[in-house]
Amino acid sequence: LFTLQRKQAQFYENIVKVIRPKPDYFAVGYYGQGFPTFIRNKVFIYRGKEYERREDFEARLLTQFPNAEKMKTTSPPGDDIKTSSGQYIQCFTVKPKLDLPSKFHRPVSEQIVSFYRVNEVQRFEYSRPVRKGEKNPDNEFANMWIERTIYVTAYKLPGILRWFEVKSVFMVEISPLENAIETMQLTNDKINNMVQQHLNDPNLPINPLSMLLNGIVDPAVMGGFANYEKAFFTEKYMHEHPEDHDKIEKLKDLIAWQIPFLAEGIRIHGEKVTEALRPFHERMEACFRQLKDKVEKQYGARAILSSLDERRGSRPRSMVRSFTMPSSSRPLSVASVSSLSSDSTPSRPGSDGFVLEPLLPKKMHSRSQDKLDKDDLDKDKKEKKKEKRNSKHQEIFDKEFKSTDISLQQAEAVILSETVT
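Sequential numbering of the sequence shown, starting at 1, is according to UniProt numbering.
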């Protein structure tokens, strides 16, 4: 039993501490009359092997069909290709969509959440940028639309096979402003995940954290969210798109929420940085102070209500699910289990990130309620009878105990006198 429990404990520890490789998923379409009927003109989602790149997967795929021609576009082919006598293979990487089980209504370890990012998934997406309107050389984000295709497989992956057929496909268009909101949300989640990993394992190298933080706080590296301000926070855009007022406020809220997450990441970076990288850290701190002053002045200050210090002393949990942005600011693809509402009031969100209404007690039928009241009265009468009966028994016991106690005291006095003599 001791050996089994120790082995079980080791498995639980591995779940939290061991970093597992995340495989890629590939959409593969077989077009043309040259393929067998069970795969002809159909699309399948494949789960790649560990650390397998798309080029390696394509090479492995083409060895099975040496006469097939690889398509260079990701757009759905026309009827001329589907009805041709040849073989055409289309292959590109797709991103699995997180689908948390309904039982996850509480903060859990980020390692457990990361498992469901690439396992037990049935929906996959592929995003393709599309430009509409006149090209803006100063800011490419102003007219950058996203054409997103959603693939739904017949069964969840991985299953008994490493590939399943796509049963339904639908496409949605993401506007430039919605794309900015989603990108900002994903960036904040990435900071949270990285910080949580360092809280769970202090021995992790800080190089990925350094590159992530520096790419956000230093505008000379990535440009920061200044591009969003130039594209969407202008009077011209607000006048031309009055229907986007709520979305603009949501984007501003996400920008403001990024500051406390960056502050925690920089604090951890300062504790783990070496003396050789100390000047780099000091410069990053200086950039962060300027960024913080600017954001809090324009968009207000945000504070994380959950204490990270308390979390360090207890079992590590997911920062993304414990204290992320308000649920109204989160897209469908981001999971949150415990977030804050826009007025900083704790709320109970669901697994899809949207705040659920508080649970209200169900109304009972009047007859059922009368029956419950009658049962309560009968129960009270029985309790009173029981107490009365117990009180009588207690009086009898006290009288007997008192007489017994007197006789015992007399006997003890006799024994004591004999002992003294």
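A virtual CB, placed ideally from N, CA and C, is assigned to each residue, including glycine. Predicted model, so just to flag it, every value in this text is computed and none were measured.
Beta-carbon proximity list for residue 315, same chain, < 6 Å, skipping 5 on both sides:
Because the pLDDT at residue 315 is just 37, under 50, the model does not fix this residue reliably, and the value given afterwards should be weighed accordingly. Apart from sequence neighbours up to five positions away, no residue of its chain approaches residue 315 with a beta-carbon distance below 6 Å.
Can you pull the DSSP bridge partners for residue 90?
Bridge pairing for residue 90: 29 [DSSP].
Answer with buried or exposed for residue 135, where buried requires no fewer than 16 other C-beta atoms within 10 angstroms of its C-beta.
The C-beta of residue 135 has fewer than 16 other C-beta atoms within 10 Å across all chains shown, which makes the residue exposed.
Would you list the one or two residues that DSSP bridges to residue 146?
Residue 146 is bridged by DSSP to 129 and 174.
For residue 416, count the other beta carbons within 10 Å of its own beta carbon; 16 or more makes it buried, fewer makes it exposed. Which is it?
Residue placement at residue 416 cannot be trusted, given a pLDDT of 37 that sits under 50; what the coordinates show is reported in the next sentence. The residue is exposed, with fewer than 16 neighbouring Cβ atoms inside 10 Å.
Closer than 8 Å by C-beta to residue 204: which residues in its own chain qualify, once you throw out the five before and the five after it? Chain order, please.
Annotation for residue 204: 197 and 198 place their beta carbon closer than 8 Å to its own, counting only its chain and skipping 5 residues before and after.
Mark residue 4 as exposed unless 16 or more other C-beta atoms lie within 10 angstroms of its C-beta, in which case mark it buried.
Taking a 10 Å sphere around the C-beta of residue 4, we find fewer than 16 other C-beta atoms and assign the residue as exposed.
Leaving aside the five residues before and after residue 144 along the sequence, list all residues of the same chain whose C-beta is less than 7 Å from its C-beta, in chain order.
Take residue 144, set aside five residues on each side of it, and the residues of its chain with a beta-carbon closer than 7 Å to its own are 129, 131, 176 and 179, in chain order.
For the beta strand (DSSP E) containing residue 44, name the first residue and the last one.
42–47 is the extent of the beta strand (DSSP E) around residue 44.
Determine, using beta-carbon pairs with one atom in the stretch 108–115 and one in the stretch 81–90, whether at least three such pairs fall under 8 Å.
A contact between stretches requires three or more CB pairs, one per stretch, nearer than 8 Å, and the stretch 108–115 fails this requirement with the stretch 81–90.
Quick check on residue 107: buried or exposed, where buried means 16 or more other Cβ atoms within 10 Å of its Cβ?
Residue 107 is buried by the Cβ-count criterion.
Can the beta-carbon of residue 256 be found less than 7 Å from the beta-carbon of residue 300?
Judged by their CB atoms, residue 256 and residue 300 are nearer to each other than the 7 Å cut-off.
Any contact of the stretch 113–126 with the stretch 90–102, i.e. 3+ C-beta pairs under 8 Å?
Result yes; three or more Cβ-Cβ pairs closer than 8 Å.
Alpha carbon to alpha carbon, what distance is there between residue 166 and residue 42?
Taking the straight line joining both Cα atoms gives about 8 Å.
Applying the criterion that 16 or more other CB atoms from any shown protein chain within 10 Å of the CB defines a buried residue, is residue 23 buried or exposed?
If you draw a 10 Å sphere on the C-beta of residue 23, you find 16 or more other C-beta atoms in it, and that means buried.
Which same chain residues end up closer than 6 Å to residue 52 when comparing Cβ atoms and leaving out the 5 residues on each side of it in sequence?
Cβ neighbours of residue 52 beyond the five flanking positions: none.
Nearest-angstrom Cα separation, counted from residue 39 out to residue 59:
Going from the Cα of residue 59 to the Cα of residue 39 covers about 19 Å.
DSSP beta-bridge partners of residue 164
Answer by DSSP bridge pairing, in chain order: 45.
Can you tell me which residues form a DSSP beta bridge with residue 123?
Under DSSP, residue 123 shares a beta bridge with 152.
Assuming contact is defined by CB atoms lying nearer than 7 Å, are residue 304 and residue 251 in contact in what I supplied?
Annotated as distal: residue 304 and residue 251, with beta-carbon spacing of 7 Å or more.
Taking 8 Å as the limit between beta carbons, can you name the residues of its chain near residue 463, skipping five residues before and five after?
Because residue 463 is not part of the residues shown, which for the chain are 1 to 421, the question remains open.
For residue 291, which option in 160, 279, 262 and 17 has the closest C-alpha, if you only look at C-alpha atoms?
Nearest to residue 291 by C-alpha distance, out of 160, 279, 262 and 17, is 262.
Out of 172, 268, 36 and 162, state which residue places its alpha-carbon closest to the alpha-carbon of residue 202.
Of the candidates 172, 268, 36 and 162, the one whose C-alpha sits nearest the C-alpha of residue 202 is 268.
Which residue wins for smallest C-alpha separation from residue 99, given the options 15, 160, 156 and 232?
Of the candidates 15, 160, 156 and 232, the residue whose Cα lies closest to the Cα of residue 99 is 156.
So, is residue 96 buried or exposed, given that buried needs 16 or more other C-beta atoms within 10 angstroms?
Residue burial is scored here from C-beta neighbours: residue 96 has at least 16 other C-beta atoms within 10 angstroms and is therefore classed as buried.
DSSP three-state call for residue 423: helix, strand or coil?
Examination of residue 423 is not possible in this model, given that the chain is present from 1 through 421 alone.
Which first and last residues belong to the alpha helix (DSSP H) in which residue 286 is found?
Start and end: 278–299.
Residue 82 - DSSP class collapsed to helix/strand/coil:
Here residue 82 sits in helix by DSSP.
Where does residue 212 sit, in a helix, a strand or coil, going by DSSP?
The answer is helix: DSSP assigns residue 212 an H, G or I state.
Is the beta carbon of residue 271 closer than 7 Å to that of residue 195?
Not a contact, by the Cβ cut-off of 7 Å.
Give the DSSP-derived three-state secondary structure of residue 230 in the structure shown.
Note: residue 230 maps to helix in three-state DSSP.
Return the CA-CA distance between residue 279 and residue 254, expressed in angstroms with no decimal places.
Cα to Cα, residue 279 sits roughly 30 Å from residue 254.
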